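So for the sequence shown, this note's numbering puts the first residue at 76; every next one is plus one.
All C-beta atoms, glycine included, are put in the ideal place defined by N, C-alpha and C.
The model shown is predicted, which means the values in this text are computed figures rather than measured ones.
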Amino acid sequence: MIWTTSRFSIDLAQPRVMGIVNVTPDSFSDGGQFASTSAALQHCEDLVAQGADILDIGGESTRPNAQAVPLAEELARVVPVIRHAVTLGVPVSVDTYKPAVMQAALDLGADIVNDIWALRWQGEDGLRGDEVVVRHGRCGVCLTHMHREPATMQVAPMEGDVVPQVLSFLKLHAQHLHGLGVDLSRIVVDPGIGFGKTVEQNFRLLARQEELLHLGYAVLAGWSRKSSLAAVTQTSLSQAAMLDRQDRMVPSVAAALLAVERGARIVRVHDVKETVQALKVWRAMQGACSNE
Numbered sequence: 076m077i078w079t080t081s082r083f084s085i086d087l088a089q090p091r092v093m094g095i096v097n098v099t100p101d102s103f104s105d106g107g108q109f110a111s112t113s114a115a116l117q118h119c120e121d122l123v124a125q126g127a128d129i130l131d132i133g134g135e136s137t138r139p140n141a142q143a144v145p146l147a148e149e150l151a152r153v154v155p156v157i158r159h160a161v162t163l164g165v166p167v168s169v170d171t172y173k174p175a176v177m178q179a180a181l182d183l184g185a186d187i188v189n190d191i192w193a194l195r196w197q198g199e200d201g202l203r204g205d206e207v208v209v210r211h212g213r214c215g216v217c218l219t220h221m222h223r224e225p226a227t228m229q230v231a232p233m234e235g236d237v238v239p240q241v242l243s244f245l246k247l248h249a250q251h252l253h254g255l256g257v258d259l260s261r262i263v264v265d266p267g268i269g270f271g272k273t274v275e276q277n278f279r280l281l282a283r284q285e286e287l288l289h290l291g292y293a294v295l296a297g298w299s300r301k302s303s304l305a306a307v308t309q310t311s312l313s314q315a316a317m318l319d320r321q322d323r324m325v326p327s328v329a330a331a332l333l334a335v336e337r338g339a340r341i342v343r344v345h346d347v348k349e350t351v352q353a354l355k356v357w358r359a360m361q362g363a364c365s366n367e
């Protein structure tokens with residue numbers, strides 16, 4: 076399977092690691108550690124050196140209860156980082172729901188639009204995300220399932236069997252995009268772990284992730300440092316909010332491996348080095364099985 080993007084045709088025969096670059100002061104996962112431009116630029120280089128196959132750059136936190144960032148501020152955060160990231164030799168993704176930010180990133184040479192709103196958002200100028208993607212002609216896109224919105228998604232999480240609801244949503248929006256002329260090879264889907272779902276629902280999506288493969292699109296899994304991991308490892312949510320990255324690294328890598336075993340082709344992670352190492356062990360095991 077190939078993921079077609081602006082500058083790269085990404086071979087997904089082997090799982091790919093998408094390294095997260097949060098250019099935000101209020102991220103739940105890294106506490107604004109890379110909020111300054113200089114720190115974010117260095118982080119991009121570090122993640123590539125650690126083995127990241129893709130860089131995912133975002134300028135607005137999508138944690139529960141997050142408040143929207145003005146367009147001008149988000150652009151000021153991400154534009155200089157994207158300008159540098161596209162020189163590093165790997166595909167660059169912009170994590171945004173704002174069409175104007177998508178357009179600016181693609182104009183700078185970014186390869187992928189990663190949108191938690193699945194291109195449903197319309198800017199103040201009337202521009203929609205799907206229009207940006209269609210007009211570009213080649214960029215990759217990741218459509219994410221999100222229940223409600225960041226400010227309210229955990230106030231009233233989803234009810235009932237989460238899997239068919241997520242399947243229906245992703246199928247609908249992928250078909251909509253394809254109907255507008257976007258080639259299927261450009262589309263990847265993300266079940267949206269933590270986006271308006273209970274702990275049990277998140278793990279049900281992992282356990283039944285193979286059902287998502289029936290849609291015919293590559294699956295991107297984003298478990299890294301999510302609060303559901305804290306919940307099942309008996310780490311309190313208050314401790315998770317304290318951003319104990321070391322405590323969350325091992326559960327995150329374990330979840331990434333479980334997602335890959337269930338068919339995910341891209342894992343979006345903070346702990347790139349550790350995830351890359353774990354996948355090398357997994358590949359060695361796969362190779363040994365195929366030689367029997």
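With the cut-off set at 8 Å, would you say Ala334 and Arg323 are in Cβ contact?
no
If the criterion is Cβ atoms closer than 8 Å, does the pair Asp186 and Val216 meet it?
No, these two residues do not count as a Cβ contact at 8 Å.
Please report the straight-line C-alpha distance between Leu116 and Asn189, rounded to a whole angstrom.
19 Å
According to DSSP, is Ala147 part of a helix, a strand, or is it coil?
helix
Going along the chain, which unbroken runs of the alpha helix (DSSP H) with 4 or more residues stay wholly within the region 170 to 230?
You should have 174 to 182 and 204 to 211.
Three-state secondary structure assigned by DSSP to Ile157
Reduced to three states, the DSSP call for Ile157 is helix.
Any contact between the region 167 to 181 and the region 117 to 137? By contact I mean 3 or more CB pairs, one from each, below 8 Å.
yes
Give the single residue among Cys119, His118 and Lys173 whose Cα lies nearest to the Cα of Ala143.
Looking at the Cα atoms, Lys173 is the closest of the given residues.
For Glu148 and Ile157, I'd like the C-alpha separation in whole angstroms.
Rounded to the nearest angstrom, the two C-alpha atoms are 15 Å apart.
Assess, as a yes-or-no matter, whether the region 221 to 234 is touched by the region 199 to 210 under the definition of 3 or more beta carbon pairs within less than 8 Å.
no
Do Asp182 and Leu194 have their beta-carbon atoms positioned less than 8 Å apart in this structure?
For the 8 Å CB-CB criterion, Leu194 and Asp182 do not form a contact.
For the structure I just gave you, are there three or more beta carbon pairs, one from the region 245 to 260 and one from the region 226 to 237, closer than 8 Å?
No: fewer than three Cβ pairs fall under 8 Å.
Here's the rule: buried if 16 or more other CB atoms are within 10 angstroms of the residue's CB, otherwise exposed. What is Leu247?
exposed
Within the continuous beta strand (DSSP E) that includes Gly254, where are the two ends?
Gly254 -> not in any beta strand (DSSP E); alpha helix (DSSP H) instead, spanning Val237 to Gly254.
Could you check if Thr137 is buried or exposed, using at least 16 other CB atoms within 10 Å of its CB as the buried criterion?
So Thr137 counts as buried.
What number of angstroms, rounded off, separates the C-alpha of Pro90 from the C-alpha of Arg300?
Roughly 19 Å separates the two Cα atoms.
When DSSP builds the beta bridges, which residues end up paired with Ala293?
Residue pairing of Ala293 in beta bridges, as defined by DSSP: Val263.
Given that a residue counts as buried once 16 or more other Cβ atoms are within 10 Å of its Cβ, and exposed if not, what is Ser113?
Ser113 counts as exposed, since fewer than 16 other C-beta atoms from the protein chains shown sit within 10 angstroms of its C-beta.
What is the DSSP secondary structure of Met93, counted as helix, strand or coil?
strand
Take Glu120 as the anchor and find which of Thr273, Val96 and Arg203 has the nearest alpha-carbon.
Val96
Using only the heavy atoms of the ligand SAH, determine whether one of them is closer than 7 Å to the beta carbon of Gln125.
Of the ligands one can find in the structure shown there are none, so the ligand SAH has no counterpart to examine.
Sequence-distant residues of the same chain with beta carbon closer than 7 Å to Val328, five excluded per side
Cβ neighbours of Val328 beyond the five flanking positions: Asp346, Glu349, Thr350 and Ala353.
Where Thr308 falls, given that 16 or more other Cβ within 10 Å makes a residue buried:
The Cβ neighbour count for Thr308, taken over all protein chains shown within 10 Å, is under 16; the residue is labelled exposed.
Compare the C-alpha of Asp86 against each of Ile341, Leu288 and Met360 and name the closest.
Ile341
Within 10 angstroms of the Cβ of Met93, are there 16 or more other Cβ atoms? Answer buried if so, exposed if not.
Label assigned to Met93: buried.
Excluding the five sequence neighbours on either side, which residues of its own chain have a C-beta within less than 7 Å of the C-beta of Thr273, listed in chain order?
Pro232
Cβ of Leu295 within 8 Å of Cβ of Val263?
yes
Nearest-angstrom Cα distance between Val161 and Gly235?
42 Å
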